[in-house]
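Residue numbers (the numbering used here): 5 to 106.
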């Protein structure tokens, strides 16, 4: 089952509300909100690649990282992974293969 088969299935959006709860849109996948969500997903995945590259470079430096640098890297990797998992979940749902949290 895909959202093309059931266009009224809600699409998980790549952002949460101010309470941290997921946001959804209902529709056939074309419209301002869906188009914005597509663009934001692309940006989130590109940002995740940049964060990963920067993190690898920082962790491979000869000199040890300061605790604040490690905290920064950890926070950015966590943010990027959260975004990437949300994108994967949203796309999987549209293919009829939702991710399941443990």
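From the three backbone atoms N, C-alpha and C, an ideal C-beta is built for every residue, glycine too. Remember, predicted model here, so these are calculated numbers, not experimental data.
Spatial distance of residue i from residue j (CA atoms)
i	j	result
residue 18	residue 68	35 Å
residue 21	residue 28	10 Å
Terminal residues of the beta strand (DSSP E) in which residue i lies
i	result
residue 15	15-20
Coil, strand or helix - residue i by DSSP
i	result
residue 26	strand
residue 68	coil
residue 48	helix
residue 32	coil
residue 96	helix
Same chain, Cβ closer than 6 Å to residue i, five either side skipped, listed in chain order
i	result
residue 87	48
residue 14	28 and 30
Own chain, CB closer than 8 Å to residue i, minus 5 neighbours either side, in chain order
i	result
residue 52	84, 85, 87 and 88
residue 23	none
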